[in-house]
Amino acid sequence: MAVALTGYNVFLRDMNGALAYILAIGPGTRWAFSSPPDPHPLPRPPPYTRLRASRIWRTFDLLVNWRLINLPPSPPLPRSSRIYLSFLHYHFFYLLYHVIASDILTYPSLRLMVDYPSASYTAFRLAVAHQYDVPKIGVDALIAISQGVATYHGLCLAWHLFALLGIGSGLWIGEEWPKISNKPHLATSLNEFWGRRWHQLLREPIAFVLSFLPFTLPRSLYILTFFLISGLIHSPLFYAVTGSFNFPAFISSFFIYGLGCVLEREFWLCTGKRKRVGGPLGVVWMWIWLIGGTIMMVSSFWKPESEFLMGQIKESINSSFTHIIWQWYGKRY
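Per full-length UniProt numbering, the very first residue in the sequence shown carries number 1; after that it's consecutive.
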């Protein structure tokens, strides 16, 4: 199924194919040749209990439940003090928040892409650095962070939208839609960023693949393999946008992320498990690795992505409320 729908993704070369690929590598593939586990009892019944018990709903839930929420080996869900409507209000508020935050925070980089169009990231980087008299590494940091911000808010936006639809349908309860991320900007190390604060959508699918490796594999090699597989999984997702798998760029970038995590672990072991990377120096260390790995990936698919997205970017800029306010402010003053 995973292989077939990956081919479907390549054939369509659009986001419908990418969505099919996403579903294929989720929990539905995990239980293709075995019976799925029984879910834990829910802390409260959903409005439509009989429909939820149907085989159709169960099959669909297995396809989309990437995080194995309320499924072994995940623990049972605790009961929340929120009521039905408060869950809907919560997800609606954060849906609006991520729409607004994404619009504001990604506007500078999108504006630069429109003002300095170039098929080469090197040429774009040089032009922006020269125009604004900033170091080229500053341009790298802006583009890399903007990519991360767009990914973070995009995932959170989609998650809260799906939560609204799921809870509103009466087939899911609010407890089944926990936070997808935990304030990744507050992380002070790579292991904290990737292990506890960034989204964990791929943790279970990748862990399932790695479960076939020997138990004697050193922990450092396990971490590196985890990130390499993550790079392989991410690559087809961008095929719909770039028209290229670009495996070397994704593998290299995710290898950099994994190597940083391994070095942090080695530091912890070398200090007799008394010190961990953290604090202000840990923040600097973390962002150096994140920016370095991300900019390597972004620059590699800059040309196909810029060609494919430039029209959409211009439309997004013109419809952006940040752009509208900026234009109004400029005309007024």
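All C-beta atoms in this analysis are idealised placements derived from N, C-alpha and C, irrespective of residue type, glycine included.
Measure from the alpha carbon of residue i to the alpha carbon of each residue in the options, then state which is nearest.
i, options, result
"S230", "L85, S181, F247", "F247"
"F301", "S244, R274, V277, T322", "S244"
"Q147", "D103, F60, R67", "D103"
"P39", "H234, S320, P76", "P76"
"A163", "A207, F87, T216, A53", "F87"
"residue 336", "T59, V262, I83", "Limits of the chain in this structure are 1 at one end and 333 at the other, which puts residue 336 out of reach."
"G260", "R67, H234, L221, G272", "L221"
"K303", "V99, P43, Y121, K314", "Y121"
"I145", "L232, G292, K275", "G292"
"S74", "P37, T49, L85", "P37"
"H234", "F212, E264, L201", "L201"
"G154", "I100, F321, F212", "I100"
"R219", "E264, H199, S34", "E264"
"L290", "S169, L165, A141, G195", "A141"
"P41", "A53, G272, I137", "A53"
"residue 364", "P72, L126, S316", "Residue 364 lies beyond the range of the chain shown here (1 to 333); nothing can be said about it."
"H199", "S118, K179, S316", "K179"
"S169", "L217, L85, C270", "L85"
"L161", "P214, F93, P45", "F93"
Going by the CB atoms, is the gap between residue j and residue i shorter than 8 Å?
i, j, result
"M296", "A249", "yes"
"L228", "F254", "yes"
"P27", "N65", "yes"
"Y116", "F124", "yes"
"R197", "P184", "yes"
"V134", "L112", "no"
"Y152", "S109", "no"
"F193", "L210", "no"
"L157", "L95", "yes"
"L190", "Y257", "yes"
"I223", "V277", "no"
"T188", "V149", "no"
"L63", "W57", "no"
"I324", "P205", "no"
"W159", "I167", "no"
"R30", "F208", "yes"
"V139", "K314", "no"
Please classify residue i: is it buried, with 16 or more other beta-carbons within 10 angstroms of its beta-carbon, or exposed?
i, result
"residue 342", "The chain is shown from 1 up to 333; residue 342 falls before or after that span and cannot be answered."
"G279", "exposed"
"R79", "exposed"
"I143", "buried"
"V284", "exposed"
"P236", "buried"
"A4", "Because A4 carries a pLDDT of 46, less than 50, the predicted location of this residue cannot be relied on, and no value is offered for it."
"H98", "buried"
"G174", "buried"
"H130", "exposed"
"F11", "Residue placement at F11 is flagged as unreliable, the pLDDT there being 46, under the threshold of 50; the coordinate-derived value follows with that caveat. With fewer than 16 Cβ atoms within 10 Å of its Cβ, F11 is classed as exposed."
"I288", "exposed"
"T294", "buried"
"S81", "exposed"
"M1", "Low per-residue confidence applies at M1: pLDDT is 43, beneath 50, and the placement is therefore not dependable, though the value from the model is reported in the following sentence. Exposed, since its Cβ has fewer than 16 Cβ neighbours within 10 Å."
"Y333", "With a pLDDT of only 44 at Y333, under 50, the local geometry of the prediction cannot be trusted, and the value read off the model is given with reservation. It counts as exposed."
"I251", "buried"
"F238", "buried"
"G282", "buried"
"S320", "buried"
Spell out whether any CB of chain B is found under 8 Å from the CB atom of residue i.
i, result
"L210", "Considering every chain present, this structure includes no chain B. It has just one protein chain."
What alpha helix (DSSP H) runs, 4 residues minimum, are completely inside the region 218–283?
-> Fully enclosed alpha helix (DSSP H) runs of 4 or longer: 219–237, 239–242, 247–270.
Alpha helix (DSSP H) segments (min. 4 residues) lying fully within the region 41–91 | Runs found: 49–52, 55–64.
Mind listing, in chain order, the continuous alpha helix (DSSP H) runs of no fewer than 4 residues lying wholly within the region 82–153?
-> Here the runs fully enclosed are 84–115, 121–132.
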